[in-house]
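Residue numbers (the working numbering), protein chains in the order written: chain A, 1 to 255; chain B, 1 to 233; chain C, 1 to 249.
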C-alpha cells in the first residue's frame, strides 16, 4: 500500500537489534533480536510483566532503550535526532493504546482529523473526507459527531484505530487493544483488526486474544522475563510449543 | 440618623458622580490586575514546565509568597516600600499619574497570578498522562500537544477555580482604598462623610458589589456549560 | 539592609509582638493571633448551623443561609467591616472597640465560607452513610450528629486549618478601622522611622509569610495523613475540591 524504494524492499518494516532496557536493577528487555517483515502480522504474547508492552512502546520511542538499535521502515528510531524528526517519525507509526486515549474534548471526527491537519498540514476538507471514509471503515460513520464519553469502549477503540490510520502509517502497533473492554465488545475491535490484516497492513499486536493470533497472525512471538523465547507460525506455536515456559503459558490459558 | 431615603442619595448629582467614578475605578483596578495576573500566570506555568530545580524553586517561592502574605500587606509593601526604592524621576511621574492605582494593579495582579497559575497547573495535572502519549504517538510536538490536546482540557478543569479566584480578585480591589485609590469603597467613605446617609450609601455599594460578583459567577456558569464536553460525567 | 532589619526588630519587637500593652490595649501579633483564633472558634459552630440550614427544605432556614453565603462570597470583606462598624452600635446602643467589630465581621464571614467547607464534607460522604444510619433507626439529627458530622468534620480538618490561615490574613483589614493588630503596629513603626518603609513592610511580609506558610504546610501534611488513613473510602479527595471557594485577602 506504500510505494517501496529498492533498498526498502529487502529492509524489514521493524527490526530490533540487540535491544536492552532496564529500570533500575530490573532488566525489562534482554537482547531482543527480531524483525517484522512488510505486510506481516506479528502477535506478541506472554505472561503479564514479561515486557511485551515495553517492547512495543520502544518502537515509537514512548519508552527509551539503553543499548541496541530499532529501525522502522529503514530509519533508526533511537538515534540522535531533533524533536521535529522524532515527531515526523512517530506520525508514520500507527499506535493503538489499551486505554484508547481518545481526546475527550473532540468529537470522533475531530479526533481523526486533528493530527493530519495539525501535524501533516493536510487540507481541512480533505482530512474530513478521509476521516469519514475511515470512520465508515470501522463502522462508525453514524457516530462522527459523538464525543468519546458518549461512545462505548469498543466504539472508542475503533475510533482510535481510525485516528491512527488517518496518518496513513505503513505499519500499525496495537498495545493490548482489547484488554480494557467488556467481553461483548472485544469482537467488534478484533473484526476491524482482521480487516486491516486482510488488506495487507503490517501489524504488531500485543494481545491475549489467542483466537485472533491463531487465525490472523503470520508469526507469534512468545516473551517472558524481557526475552523473546520463541518465534513461530501460529500453527506450530499453538500445536507444539518448544519452550517449557511457553507450554506452561498456553496450558494456564486453557484453564 | 436621617430617615431612609435611597432616592435622595441617588439623585444627588455630586454623590452619584462620586459613586459612579468609584465604580469605574474599581473596574479599572479589577480588569487591569486580572489581565496582568492571567498573563503572568501563563508565563509562570510555562516556566515551571521547563525541567530543572532552579525554575521549580523560583516559581514555587513566588507562589508561596503571594499566597501566604496578606494581600493588604503586599499592597502596602508596594505602595510604601518598593515605591521608595524607585528612582526619583519615576516616583514623581507616578505621583503625578495616579500612582496609587498603578501600584494597586501591580500588587493585586502579581498576587493573583500565583493563584491563577496554581489553578492552571492543577488543571493540567488532572489531564491523564495517556493524553500526552497519544498526542506524541500521533506526531504532535510539545507545542502542538499543549495547544490542541492538553490546554483545552486543562482550561476546562481549571475553570471553576479560575472563576472563584476572579471573584476574589474583584472583591480584593476594595483593598486599594487603603493606599488611597479612589475606587468604590473609597468613594463610599467620602460620600458618607458628606451626606451622613450611611445606610443608603452602604446599601448601594453592597448591591453594586454583589451584582458584579454574581455576574462573574453567572458568566462562569455559562462558560462551564458551554465548555462542558458532551457525555462527560 | 539586613542590618536595618535587625535594628528595626531590636527596637520595635515588643510593639510588634503585643502593641502598647500594658499601657494600652493588647495589640501587635498577639492581637492578630487572638483575633484569628477566636474568629475561627466562634465561626465553626455557626458554620455547622449554616450548613444544616442549607440542606433544609424549610425556606425560612434555607433562604437566609443561602443569602448569607452569597453575600460573603460576593461582597468585599472591607464592605462588611464597614457595615458591622456602623450597625452594631446602632443595634446595641453603645460603641464597641474596633477589636469587637472586627471579630463580629470575621465570625460571620468565616462562618459563611466554613459552611461551604462543611457542606462539601457532608456531600462528599455520599448518600450511603445517611441511608445506613436511617436504616439503623437513627432520626435525621441523630444520624447527622452521631454518624455524618464526625466523619465529615474529620475529613475537612485540613480545610478548616486553611480557613484559619485565611483568617490570619483577613485580620490585616482591621488596620482600616484602627484595630491595633500586627499590620497596624507595623504602620506605627513606619510612621516613627519615616525613612525605612521598604524595610518595615518587608519585615511585616516575612512575619506573615513564616506564620501562614508553616500553617499551610501543616494543613498539607494533615491532608495527606487523612487521605492515607481513609484511602479507599468515599470523600477522600474532598478538600481538593476545586469548587470550594476559599477567600484570600
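We put the beta carbon where it would ideally sit given N, CA and C, even for glycine.
- [ ] Whole angstroms is fine: what's the gap from residue 67/C's alpha carbon to residue 116/C's?
- [x] 13 Å
- [ ] Output the distance between the C-alpha atoms of residue 9/B and residue 183/B, rounded to the nearest integer angstrom.
- [x] 18 Å
TODO: Identify which residue in 89/B, 46/B, 111/B and 30/B has its Cα closest to the Cα of residue 151/B.
DONE: 46/B
- [ ] Along the beta strand (DSSP E) that carries residue 173/C, what are the first and last residues, could you check?
- [x] Careful: residue 173/C lies outside any beta strand (DSSP E) and carries neither H nor E.
Task: residue 121/B versus residue 119/C - alpha carbon distance - done: 26 Å
- [ ] For residue 242/C, collect the residues of the same chain with a Cβ closer than 7 Å to its Cβ; drop the 5 residues on either side in sequence, then sort them by chain order.
- [x] Any reading at residue 242/C is ruled out, since the residue's pLDDT is 38, under 50, leaving its predicted position unreliable.
Task: Per-residue contacts from residue 53/A into chain B (C-beta, under 8 Å) - done: None at all; the shortest Cβ gap to chain B is about 12 Å.
- [ ] Could you check what DSSP says for residue 96/B in three-state terms: helix, strand or coil?
- [x] helix
TODO: Quick one: residues in its chain with C-beta nearer than 7 Å to the C-beta of residue 18/C, no 5 flanking neighbours on either side, listed in chain order?
DONE: 26, 27, 28 and 30
TODO: Buried or exposed for residue 134/A, please, with buried defined as at least 16 other CB atoms from any protein chain shown within 10 angstroms of its CB.
DONE: buried
Task: Of the residues 121/A, 159/A and 211/A, the one placed nearest residue 253/A, counting alpha carbons only - done: 211/A
Task: Cβ of residue 68/B within 8 Å of any chain C Cβ - done: yes
Task: Length of the line joining the Cα atoms of residue 177/B and residue 171/B - done: 12 Å
TODO: Put residue 240/C into one of helix, strand or coil per three-state DSSP.
DONE: Interpretation of residue 240/C is limited by its pLDDT of 40, a score under 50 that renders its predicted location unreliable; no figure is taken from the coordinates.
TODO: Using a cut-off of 8 Å between C-beta atoms, extract the partners of residue 150/A located in chain B.
DONE: 230 and 231
Task: Which of helix, strand or coil DSSP assigns to residue 189/B - done: helix
TODO: Using a cut-off of 7 Å between C-beta atoms, extract the partners of residue 38/B located in chain C.
DONE: Within 7 Å Cβ-Cβ: nothing; residue 38/B doesn't reach chain C, min ~17 Å.
Open item on the list: Measuring alpha carbon to alpha carbon, tell me which residue in 107/C, 96/C and 76/C is nearest residue 85/C.
Closed with: 96/C
TODO: Measure the Cβ-Cβ separation of residue 105/B and residue 32/B and say whether it is below 8 Å.
DONE: yes
TODO: Could you tell me which uninterrupted alpha helix (DSSP H) segments, each at least 4 residues in length, are contained entirely in the segment 98-133 of chain B, listed from first to last along the chain?
DONE: 99-125
- [ ] Just confirm the distance between the C-beta atoms of residue 40/A and residue 219/A, as a whole number of angstroms; I'd bet it's less than 8 Å.
- [x] 7 Å
- [ ] Could you tell me whether the Cβ atoms of residue 234/A and residue 213/A are closer together than 8 Å?
- [x] yes
Open item on the list: As a quick exercise: from 217/A, 189/A, 105/A and 173/A, pick the residue whose alpha carbon is nearest that of residue 154/B.
Closed with: 105/A
TODO: Taking only beta-carbon positions, decide if residue 204/B is within less than 8 Å of chain C.
DONE: no
- [ ] Over the uninterrupted alpha helix (DSSP H) stretch that includes residue 213/C, give me the two end residues.
- [x] 197-229
Task: Cβ-based burial, residue 180/C [other Cβ within 10 Å; buried from 16] - done: Residue burial is scored here from C-beta neighbours: residue 180/C has at least 16 other C-beta atoms within 10 angstroms and is therefore classed as buried.
Open item on the list: Quick check: the Cα distance between residue 211/B and residue 148/C, rounded to an integer number of angstroms?
Closed with: 35 Å
Task: Minimum Cβ-Cβ distance from residue 154/B to chain A less than 8 Å - done: Interface residue (Cβ-Cβ distance to chain A less than 8 Å): residue 154/B is not classified as such.
- [ ] Report the neighbours of residue 127/B on chain C: residues whose CB is nearer than 7 Å to its CB, in chain order.
- [x] Those do not exist, as residue 127/B stays about 14 Å from chain C at its closest Cβ, beyond 7 Å.
Open item on the list: Our contact map puts residue 142/B next to residue 37/B with C-beta atoms below 8 Å; I'd like the distance itself, whole angstroms only.
Closed with: For residue 142/B against residue 37/B, the beta-carbon gap comes to about 25 Å, at or over 8 Å, which does not count as contact.
Task: Environment of residue 29/A [buried if 16+ CB atoms lie within 10 Å] - done: buried
- [ ] Give a yes or no on whether the minimum CB-CB distance between residue 228/A and chain B is below 8 Å.
- [x] no
Open item on the list: For residue 73/B, would you say it is in contact with chain C, using Cβ-to-Cβ distances shorter than 8 Å as the test?
Closed with: yes
TODO: Please report the residue range of the alpha helix (DSSP H) in which residue 53/A lies.
DONE: 52-59
Task: Residues of its chain near residue 149/A, where Cβ-Cβ distance is below 7 Å and the 5 sequence neighbours each way are ignored - done: 104
Open item on the list: Among 226/C, 163/C, 166/C and 102/C, whose alpha-carbon lies nearest the alpha-carbon of residue 35/C?
Closed with: Taking only the C-alpha atoms, the option nearest residue 35/C is 102/C.
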